[in-house]
Amino acid sequence: STNHECPLDKDDLGRSTWGFLHTMAAYFPDKPTIEQAQNMCDFFQIFAEHYPCEPCAKDFAEDITKNPPKTKSSQALSQWLCERHNTVNIKLGKPEFDCSKVFERWRDGWADGSCD
Ligand code: FAD
């Protein structure tokens, strides 16, 4: 029997990566230490340098230079990341996501209980 697992294409990689990034932001501390805040800033710089889709990485690095990570709380980081993702959505002609719903989407589940 053949193994049919294949390398990730750009879209599979993107979906998995956004899932990781938004979940990480949702579970970032409400009151991070100075070191946690600095490390999260550093993480995004390094992430942008090594994200394995060259045009994606280049545009993302430019975007976060103009709009640096907001690391004073989980709420601030999650909103900031939602805005960065929306910048990519707009570039790709996808609908914008309502950033008031990030914690429902990535941490708490929807208010109607459909994720319980
Ligand atoms: P995705 O955009 O992958 O989103 C996954 C899920 O996240 C959605 O179903 C939705 O529930 C939720 N979501 C959507 N928007 C938001 C938001 N703003 N905030 C929170 N949650 C949200 N592809 C390219 O073709 N060109 C690029 O330049 C490019 N740059 C990228 C840069 C980065 C840093 C990353 C991580 C990915 C990039 N991609 C790029 C991939 C692209 O963003 C999508 O992941 C891919 O097109 C698959 O899209 P999708 O419609 O499945 O949903």
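In UniProt numbering, the protein residues as written are 45 to 160. Where a beta carbon is used, it is the ideal one built from N, C-alpha and C, also for glycine. Note that this is a predicted model, so its numbers are computed, not measured.
Near the ligand FAD: G137 beta-carbon under 7 Å from a heavy atom: The answer is no for G137.
Segment contact, 8 Å Cβ cut-off, at least three pairs: the region 92-101 with the region 110-123: No contact exists between the region 92-101 and the region 110-123.
Per-residue DSSP class, three states only, for D74: Three-state DSSP puts D74 in coil, outside helix and strand.
Exposure of T115, with buried meaning 16 or more beta-carbon neighbours within 10 Å: Around the beta carbon of T115, a 10 Å sphere encloses 16 or more other beta carbons of the protein chains shown; the residue is thus reported as buried.
First through last residue of the alpha helix (DSSP H) which encompasses L125: Here the alpha helix (DSSP H) through L125 covers 118-135.
Helix, strand or coil at D55 according to DSSP, with G and I counted as helix: DSSP places D55 in helix when its eight states are reduced to three.
Any non-hydrogen atom of the ligand FAD closer than 7 Å to R151 Cβ: R151: no, Cβ never under 7 Å from the ligand FAD.
Residues near C143 in its chain [Cβ-Cβ closer than 6 Å; skip 5 each side]: For C143, where only same-chain residues beyond five positions count, the Cβ hits under 6 Å are Q123, C126.
Proximity to R128 [Cα-Cα], best of F147, D103, R151, Q82: Here the closest residue by C-alpha is D103.
Closer than 7 Å: K54 CB and nearest the ligand FAD heavy atom: Checking the Cβ of K54 against the ligand FAD gives yes.
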